[in-house]
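To keep things clear, I will list the structure first and then write my remarks on it.
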């Protein structure tokens, strides 16, 4: 069976795109490796109608709604190869099976590269965050620590003063020129020059000089890159952004390879569940239009 669209990635963007296509009565295969980016967070916030709901519940409810449509094929597995061309793509799975499709939509998301700080990984999504709109409110205007990782960290520290009293740790990763330091000072940010040795407890920063500073929560700006290498291997161009590498797409969400589209975190900045769902819905409609008017 040849599917109209193969969606690689069963997260929020991929499911939102699939919904538009299924409602257009198109056959859709979703390949899901089960690695949602926000799987470490206990609750999702800032997503209208789902504020405060555990991410796993949102994903399960969304999949259940998709499965009401007879034209859906849901595959739990990993896409490992992508070959062919527009109207004749082949996607190979990790178990050796393969799928045929007219269009491919990349929605496998991104992977985060965190600052090299001992203790940050096990707290990621729980007491160390990246999005103030998703997690800032719950810190109840408490003390917030921002761990430097690159140029975006200064912007992050400035913005977070809306949610609490901010201390910024350049941590050897950010060179604070006079203008950047002045910008932080104008926002009331305290700059702590001591190097971070490790994170302990819920969100306590232990410094190399022996001090231990307690915070309600910590923030870091990770560097992102596509979670799946398939699009790049197929020839899709990448785009460098201040937050990392994503897939280049045009206004119709198509990559530089005809017939291959992309949406969600892997194709847009910034990132949140709400933005991923919106981008997925737009991508689904655009892919459908390409099937209706292939000459466009």
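Residue numbers (the numbering used here): 1305 to 1600.
Glycine included, every Cβ here is placed at the ideal spot set by N, Cα and C.
- Task: Please classify residue 1328: does DSSP put it in a helix, a strand, or coil?
- Result: Coil, per DSSP.
- Query: In whole angstroms, what is the alpha-carbon distance linking residue 1476 and residue 1550?
  - Reply: When only Cα atoms are considered, residue 1476 and residue 1550 end up about 26 Å apart.
- Item | Buried/exposed call for residue 1521, threshold 16 Cβ in 10 Å | Here residue 1521 is buried, its C-beta having at least 16 other C-beta atoms within 10 Å.
- Message: Tell me the residue span of the beta strand (DSSP E) that contains residue 1392.
- Response: It spans 1392-1397 - the beta strand (DSSP E) in which residue 1392 sits, taken as one unbroken run.
- Are residue 1539 and residue 1570 closer than 8 Å when you measure CB to CB? No.
- Among 1367, 1382, 1324, 1438, which has the Cα closest to the Cα of residue 1346? The residue with the shortest Cα to Cα distance from residue 1346 is 1438.
- Task: Within the same chain, show all residues whose beta-carbon is closer than 7 Å to that of residue 1343, passing over the 5 residues directly before and after it, in chain order.
- Result: These residues qualify, in order along the chain: 1359.
- Can you list the alpha helix (DSSP H) stretches of 4 or more residues lying completely in the segment 1453-1501, in chain order? Within the segment 1453-1501, the complete alpha helix (DSSP H) runs of at least 4 residues fall at 1456-1463, 1482-1490.
- Note the first and the last residue of the continuous beta strand (DSSP E) segment covering residue 1416. Judged by DSSP secondary structure, residue 1416 falls within the beta strand (DSSP E) whose first and last residues are 1414-1417.
- Query: How would you write the range of the beta strand (DSSP E) that residue 1530 sits in, first residue to last?
  - Reply: Start and end: 1527-1530.
- Please report how far the alpha carbon of residue 1421 lies from the alpha carbon of residue 1544, in whole angstroms. If you draw a straight line from the Cα of residue 1421 to the Cα of residue 1544, it comes to about 24 Å.
- Assigned exposure category for residue 1419 - 16 Cβ within 10 Å defines buried: Buried.
- Can you give the beta carbon distance from residue 1548 to residue 1527, rounded, assuming they're within the 8 Å contact cut? Going by Cβ atoms, the distance from residue 1548 to residue 1527 rounds to 4 Å, so yes, they are a contact pair.
- Message: For the pair the segment 1378-1397 and the segment 1466-1474, tell me if three or more CB-CB distances fall below 8 Å.
- Response: Contact between the segment 1378-1397 and the segment 1466-1474 is absent, because fewer than three Cβ pairs lie under 8 Å.
- Along the beta strand (DSSP E) that carries residue 1307, what are the first and last residues, could you check? For residue 1307, the enclosing beta strand (DSSP E) stretches over residues 1306-1312.
- Nearest-angstrom Cα separation, counted from residue 1557 out to residue 1565: Answer to the nearest angstrom: the Cα atoms are 6 Å apart.
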